[in-house]
Structures are given as C-alpha cells and as structure tokens.
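According to the working numbering, the residues represented by the sequence shown are 34 to 651, in order. Note that the Cβ used here is the ideal one computed from N, Cα and C, for glycine as well. Bear in mind that the values here come from a model prediction, so they are computed numbers and not experimental data.
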Amino acid sequence: MTFTRYELTIPVELTSELHIGGVDEVPDRDGEGTVIRFCRNGLKEPTIPGRSIRGAVRAACDIARQALKGAGDPATQDGGVFSKASWVSLWGDDSLDTGKSLLDRRLRNGDSLPIRQSALTFHAVSFPDYKDSDSGESQLPRRHGVGIDRTTGAASDGALYEHEFLPRGTRFDIRITAEGRDNEPMGRDQSEGIPGPASSDTVKKLLEFIVDVLNSGAICLGGRTGSGQGKIRVIEPQLRRLSGTTDAGTLTTPADILDALILIGQDEEGTSLPLELGGWTLEEPARITIHWWSPTGIFVAEDEKLTKQRKEEAQKKDPSANGVTEPLRDPSVPWDEAQLLIPGTSVRGALRSRASRIARTVLAARGDLEPLASHDIHEQIAHEPNLVRYIFGCTDYRGAVTVHDCRSIERGTRVEVTHNAIDRWTGGVIDGGLFTEAVYLGTEWEPITIDIDLRRLLNNIETEKGPEAKRNTANANEAENGSGNGKQSKATDADYAHAAFVLLGLALAELSAGTLPLGSRSTRGLGQVVVSSIAIHGSAHEGTKIPTKERFGDQALEHPGTAASLPPQDRCDAQRRLAQAVLSFLKTIDGAEQWSERLDEASANDGARSKGEENTHE
C-alpha cells in the first residue's frame with residue numbers, strides 16, 4: 034500500500050458580504066428585533082466551519098460532474114477518475130443514503146452498510162481580528178431587515194431582524210487536506226460493497242477540479258445567497274504534496290512508523306505541485322441587468338446602533354440636537370468615503386411582494402384564492418402561490434433568483450428631511466416623535482443585477498411534486514395534446530419554469546412602469562424608480578429556455594445628470610412604452626399565454642404541502 038497527502042490552499046477575497054449563522058446562542062426576540070449571530074468558535078472568534086465550505090463546494094462539484102456526465106465525458110464513465118465509484122471514494126458516502134437502513138438502501142440483512150470516509154478534509158477558518166471583546170460585544174458589523182406582512186403591507190410583527198456579517202473585501206484562505214491511497218487490499222468479508230479508497234491520482238484531479246469550479250465564480254458560501262451574499266474571488270491557489278509514497282517494506286523502525294502515520298516527508302514544508310486546470314466552468318445563470326435612477330431618492334436606513342451612536346455624539350455637543358438617520362452605506366469602506374447601498378434583500382423583497390400580489394390577483398379573479406389566515410410571515414410564505422415559491426424559495430428550499438446588492442456610483446445632493454409624529458388626541462407632536470432623515474437626490478446608481486438559476490428552478494418544481502406526480506414525470510413530455518387548442522393535457526416542469534419566469538417578468542414590467550417603489554418611506558413620496566433600460570442574457574437548461582434580449586429602453590428615460598429633467602408626463606409616457614416592451618418580450622416565452630394556468634397547486638404538487646406549512650401547524 035502506498036499513500037500520499039496533499040494540501041490545497043486557496044486564498045480568496047469576499048466580493049460581497051458573508052453571513053454564516055451560529056448555534057452558540059438562541060436569537061434574541063425581545064421586541065427590538067432578532068439578532069442573528071455569526072458562527073463562532075470556543076474562543077468567541079467568528080468562524081467559517083469546515084462543513085459549511087465542504088457543503089458548498091461539494092454541491093457545486095456534484096453539479097459540475099453531472100454536466101460532464103451529460104456531455105459524455107470519459108472521466109465520468111466506469112473506470113474514469115470521476116466515475117460513480119470513484120466519486121464516492123473521494124467524497125465519502127452518498128449524502129442521499131446517509132442514515133438510511135439496509136432495507137432503504139436495498140441491501141440484504143447480512144450485508145454491511147457501504148460507508149466510506151471522505152478523502153478530503155475542509156478546515157475551519159477563524160477571524161481573530163473580529164473576536165468578541167471582554168465584555169462580550171461583537172466587533173462584526175450588522176445589517177438589519179424586516180419581513181413584510183402580505184396582508185397589511187407593513188412590517189410583520191416579530192419579523193425585524195439583524196444579522197452579523199464579514200464585510201466585502203475580507204481575505205482568508207480555504208485550506209483542504211486530502212489523502213490518496215494506492216494498492217490497498219480489501220480482503221475482509223465486510224468489505225464487499227464498500228467503495229475502495231481514493232487513489233492519489235483521483236485525489237489530485239479532484240483538488241484541481243475544485244479550483245476550476247471555484248474560479249467559475251459559481252460558489253457562494255454561507256447563507257443569504259439569494260441576496261447576493263457569500264460570493265468569493267480566487268486569488269492564487271497553491272497545491273503541495275506533504276509526503277511522498279510509503280509502503281509496508283519501509284516500516285522497520287518506530288521512527289519510520291511515526292513518519293508514515295503523520296505523513297511527514299523529508300521536506301516538512303511540502304513540495305509545490307503545478308495545478309493542471311481544465312478550465313471547466315459551471316453553467317452560467319440567466320442574468321437580468323436593469324439600468325435605473327430615482328427622481329425622489331432612495332432611502333434605506335442604516336443600522337439603528339450607528340444611528341444611536343451618532344445621536345449621542347451630536348447631543349454631547351448640543352443637548353437639543355436630534356441626530357440624523359443616515360441612509361445605509363457600504364460597510365466595507367470607511368464611512369466618509371463609502372457609497373450608498375441598497376441591499377439585495379430590499380430589491381428582492383419588493384419583487385417578491387409584487388409577484389405575489391399579481392399571482393393572488395389572478396387567483397382571486399377566477400375564485401381560486403384562499404385568504405391568508407395568519408399574520409405570521411413564515412406561514413404567509415408557505416401559502417404563497419406556487420410560482421412565487423419556485424422563484425423566491427420557501428422554508429422547504431431556497432429560491433432560484435439571486436438579487437445582488439446595488440451601490441451608488443456617485444452620491445447626489447444631500448437633503449435633510451425632518452418629520453414628526455402627531456399625537457392623535459392632542460394634535461401636537463408626540464414627545465420624542467421628531468426625527469430627521471438624510472436623502473441624496475440625483476444619485477447615480479449601479480445597475481440592478483438579477484441572476485436566475487434554471488437548474489434550481491426546475492429542482493424547486495420537482496421538490497413540490499407529490500408521489501403520484503413524480504411517478505408520472507417520465508410521461509410528462511409525452512402527454513397527449515388537448516383537443517381543439519393544441520395545449521398539453523399535463524404540464525411539464527418546463528411549463529411551470531416558463532410560467533415562473535413570466536411572473537417575474539410581470540413584476541419587472543411594473544418596475545419599468547414606475548409603479549413599484551424601492552426602499553422605505555414610499556408612502557411619503559420616496560423610492561420612485563425610473564428604469565432606463567433592461568438587458569437579458571438568456572439561458573437554457575433541460576428544455577427550459579429564457580431568450581436573450583440585448584437591450585430595450587427609451588432615451589427619454591436616461592438619467593438627466595445635472596441637466597433639466599423631462600416633463601413628468603413625457604417621462605410617464607416613456608415608462609409605459611418600456612413596460613409594454615417588456616410585456617411584448619414575455620409573449621415570446623414558451624407557454625406565455627398559458628402562464629396563469631400554472632397557478633394551480635394541485636397540478637404541480639398533487640396536494641403536497643411545503644415543509645413551512647407543516648411546521649406552522651405543529
């Protein structure tokens with residue numbers, strides 16, 4: 034038997050914020066909001082667990098291997114470095130079989146469970162610079178958010194939250210160690226059915242494969258990936274061999290045995306190996322790029338903690354000072370230099386709410402709408418129309434849409450707006466009800482970027498199918514045609530995917546028409562959006578195709594800069610023309626005319642309930 038140990042070090046940089054939830058504390062629900070802490074180790078240092086990195090990397094590698102297999106790549110065939118047996122040897126037991134009985138795995142009572150330990154070890158990453166202070170105060174920045182009640186349109190009770198995150202630009206090393214073993218005999222009776230150990234060659238190939246997948250930019254770490262968080266950029270990976278090969282003939286002294294066990298070769302630093310990358314990348318998602326500006330300004334308040342600090346500092350100089358609530362800025366840059374920031378969650382939440390409203394309006398018009406029975410945000414999400422859940426996710430699965438953070442390119446003119454709250458009894462100002470907010474008019478913003486993962490969208494549709502529907506999946510594409518109208522009698526997964534995209538397009542049409550505001554204070558006139566152009570980089574996956582549209586827009590809608598803006602009526606007319614162009618494009622999508630017919634729960638999931646609904650009634 035011979036074996037070799039490798040170490041792969043991948044320096045990366047966060048290109049967006051990163052949050053990984055911890056289990057060290059129960060979230061505090063004290064009425065002022067839930068604080069979701071970052072994961073920490075025993076030393077109170079923010080930590081990215083190795084299992085979190087491993088899960089994200091393996092999921093992406095599984096997708097990449099399936100794509101290679103679908104293309105007939107020899108590496109995935111029997112005897113190849115990425116064959117099914119080799120894949121289990123590299124990654125360990127198939128996660129789909131973990132915890133299952135012999136019967137569930139279709140094994141006999143006398144058989145052993147074919148469990149194999151992974152050949153790869155993913156090491157945790159800690160950040161001592163952000164270690165909690167002696168008083169227990171966190172050094173990590175926070176971002177706050179709120180869930181919107183689908184019935185009232187206001188903040189849902191108990192849905193205010195804050196989460197800690199690592200800022201954009203943070204650098205750290207992903208470290209993976211792996212062991213390959215060659216010519217190891219499997220002579221035991223229990224070894225029948227157990228995958229053999231991974232060879233040194235397959236281990237090295239997998240490490241290079243991982244670098245390829247990471248370089249593609251398709252892997253996001255941690256949570257809140259649907260809001261664009263957790264994205265990384267690979268810098269300069271390095272592969273080292275920590276030991277040469279060792280065989281039983283050399284194990285003659287205790288020192289030899291010790292060296293073999295700890296796999297330390299003659300060079301303790303290891304030997305650098307060239308990375309033989311194949312340049313393979315994951316399937317690119319469909320991407321929607323929206324150029325826009327706001328004539329009224331967008332206001333998303335910064336962290337309440339920072340606002341309180343600023344108020345306290347102002348009152349030290351002037352006891353009568355009220356303080357100013359500032360808009361959210363990029364936390365990865367010093368505050369004075371930072372650009373304004375609209376979180377992906379804000380844009381994503383607005384699109385989801387509007388998509389849900391459109392779908393529920395259609396259902397209500399045909400008498401199929403069930404009223405929301407609760408003000409609990411999680412139960413409301415579980416009861417949203419199926420197409421909304423497919424796109425944006427639910428408690429049972431994550432969404433297929435990622436909306437990235439949007440930053441300002443150049444801040445506009447700062448205007449401080451003072452508000453007060455009126456006592457409904459006295460007609461005077463409520464004590465402490467005077468507050469001031471800063472708004473930047475004429476700000477130039479980055480485009481809003483939305484990614485659609487068609488593979489994930491199809492998986493979400495498949496997840497909600499009931500047992501009967503899943504048994505008939507193979508026959509879905511061969512469904513008989515309906516009489517007289519040429520429609521299929523049974524909808525396929527592709528039909529539901531196309532319908533989901535049309536629903537998202539309808540929400541974007543409302544954004545283009547200027548009827549979907551962003552940020553807060555929309556009832557006070559803020560948050561108006563003028564879309565100047567939309568471009569769609571299409572994608573296709575398993576019969577589901579989103580066509581590409583280079584650009585549609587209107588010159589009258591472009592950012593006026595310092596020049597005088599167009600008359601409101603002219604701009605309004607141009608917005609309607611843009612919205613009509615979006616609607617016309619949607620008609621080119623397969624099954625667009627029948628999209629609302631897919632708003633039928635029973636057709637998609639055969640009566641199956643989502644996990645979120647089940648949890649609600651426990």
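Would GLN262 be called buried (16 or more neighbouring beta carbons within 10 Å of its own) or exposed? GLN262 comes out buried.
Identify, in the order they occur along the chain, each residue of the same chain with its Cβ nearer than 6 Å to the Cβ of CYS253, setting aside the five sequence neighbours on each side. GLY263 and LYS264.
Pick from ILE579, LEU590, TYR39 and ASP606: whose alpha carbon is nearest that of LEU306? Checked all of ILE579, LEU590, TYR39 and ASP606; the closest Cα to LEU306 is TYR39.
I'd like to know whether the C-beta atoms of ALA433 and ILE485 end up nearer to each other than 7 Å. Cβ atoms of ALA433 and ILE485: closer than 7 Å.
Given this structure, state the Cα-to-Cα distance separating ARG431 from ARG457, to the nearest angstrom. Inter-residue distance for ARG431 and ARG457 is about 44 Å (C-alpha atoms, whole angstroms).
Identify which residue in GLU317, LEU536 and GLU443 has its Cα closest to the Cα of GLY594. Selected option, being the one with the closest Cα: GLU443.
Is ALA397 buried or exposed, if buried means 16 or more other CB atoms sit within 10 Å of its CB? The residue is exposed, with fewer than 16 neighbouring Cβ atoms inside 10 Å.
Please go through the segment 467-500 and give each complete beta strand (DSSP E) segment of 3 or more residues, from N-terminal end onward. Counting only runs of at least 3 residues, the segment 467-500 fully encloses the following beta strand (DSSP E) elements, listed from N- to C-terminal order: 481-485.
Return yes when the Cβ of ALA532 is within less than 7 Å of the Cβ of LEU420, no when it is not. Yes, the pair counts as a contact, with Cβ atoms nearer than the cut-off.
Leaving out the 5 sequence neighbours to the left and right, which residues in its chain are closer than 6 Å to GLY576 when beta-carbon positions are compared? Cβ neighbours of GLY576 beyond the five flanking positions: ALA527.
Would you mind sorting GLY382 into buried or exposed? The rule is 16 or more other CB atoms within 10 Å of its CB. Around the beta-carbon of GLY382, 16 or more other beta-carbon atoms lie within 10 Å, marking it buried.
Note down the Cα distance separating THR476 from SER441, rounded to an integer number of angstroms. Rounded to the nearest whole angstrom, the C-alpha separation of THR476 and SER441 is 7 Å.
Taking buried to mean at least 16 other C-beta atoms within 10 Å of its own C-beta, is GLN608 buried or exposed? Classification of GLN608: buried, given that the 10 Å Cβ count is 16 or more.
For PRO82 and ARG73, which I take to be in contact (beta-carbon distance under 8 Å), what is that distance rounded to the nearest angstrom? Between the beta-carbon of PRO82 and that of ARG73 there is about 10 Å, and that puts the pair past the 8 Å contact cut.
Would you kindly work out how many angstroms separate the C-alpha atoms of VAL68 and GLY330, rounded to a whole number? Rounded to the nearest angstrom, the gap between the Cα atoms of VAL68 and GLY330 is 29 Å.
Using three-state DSSP, classify THR459 as helix, strand or coil. In this structure, THR459 counts as coil in the three-state DSSP scheme.
Measure the CB-CB distance between LEU47 and ARG257 and report whether it falls below 7 Å. No; because the gap between Cβ atoms is not below 7 Å, this pair is not in contact.
How many angstroms separate the CA atom of LEU173 from the CA atom of LEU76? Rounded to the nearest whole angstrom, the C-alpha separation of LEU173 and LEU76 is 15 Å.
Beta-carbon separation (whole angstroms), VAL436 vs GLY377, contact threshold 8 Å: In this structure VAL436 touches GLY377 by the C-beta definition: roughly 4 Å separates them, less than 8 Å.
Below 7 Å between beta carbons: does that hold for ASP206 and SER232? Result no, Cβ atoms of ASP206 and SER232 do not sit closer than 7 Å.
What ranges does the beta strand (DSSP E) occupy inside the segment 358-391, keeping only unbroken runs of at least 3 residues that lie completely in it? Listed in chain order, there is nothing to give.
Return the residue from the list GLU197, ASN493, VAL236 and PHE198 that minimises the CA-CA distance to THR210. Residue VAL236 is the option with its Cα nearest to THR210.
For GLN588, which of ILE569, SER572 and SER565 has the nearest alpha-carbon? Nearest C-alpha to GLN588: SER565.
Any non-hydrogen atom of the ligand GTP closer than 6 Å to LEU491 Cβ: You won't find the ligand GTP in this model; it holds no ligand whatsoever.
Considering only the beta carbon of each residue, do GLN627 and SER327 sit closer than 7 Å? Their beta carbons are not under 7 Å apart, which means GLN627 does not touch SER327 by this criterion.
Please work out which residues of its chain come closer than 6 Å, Cβ to Cβ, to LEU361, disregarding the five sequence neighbours upstream and downstream, and give them in chain order. Excluding its 5 nearest sequence neighbours in each direction, LEU361 has C-beta neighbours in its own chain below 6 Å: VAL333, GLU335 and LEU374, listed in chain order.
Three-way DSSP call (helix, strand, coil) for VAL59 in this model: Caution applies to VAL59, whose pLDDT of 46 falls short of 50 and renders its modelled position unreliable; the value that the coordinates give is listed next. Note: VAL59 maps to coil in three-state DSSP.
Quick check on the burial criterion: 16 or more other C-beta atoms within 10 angstroms. Buried or exposed for TRP124? Classification of TRP124: buried, given that the 10 Å Cβ count is 16 or more.
Alpha carbon to alpha carbon, how far is GLU651 from ILE481? The predicted model places GLU651 with a pLDDT of 29, which falls under 50 and marks its position as unreliable, so this point remains unresolved.
Simplified DSSP state of THR329, which is helix, strand or coil: Look at THR329 here: in three-state DSSP terms it is coil, with no helix or strand label.
Can you find the residues in the same chain that come closer than 6 Å, C-beta to C-beta, to ARG584, ignoring five residues on each side of it along the sequence? Cβ neighbours of ARG584 beyond the five flanking positions: SER566 and ALA568.
To the nearest angstrom, how far is the alpha carbon of LEU41 from that of PRO270? Approximately 7 Å, taken between the alpha carbons.
Do you know how far the Cα of ILE424 is from the Cα of ILE494? Each residue's Cα considered, the two are about 9 Å apart.
Can you name, in chain order, every residue of its own chain whose Cβ lies under 7 Å from the Cβ of GLY54, other than the five neighbours on each side? Counting only Cβ-Cβ distances below 7 Å, and skipping sequence neighbours, we find ILE69, CYS72 and GLY256.
Burial state of ILE86 (16 or more Cβ within 10 Å): Buried, because 16 or more other Cβ atoms sit within 10 Å of the Cβ of ILE86.
Classify GLU50 as buried or exposed, calling it buried when 16 or more other Cβ atoms lie within 10 Å of its own Cβ. Per the 10 Å Cβ criterion, buried.
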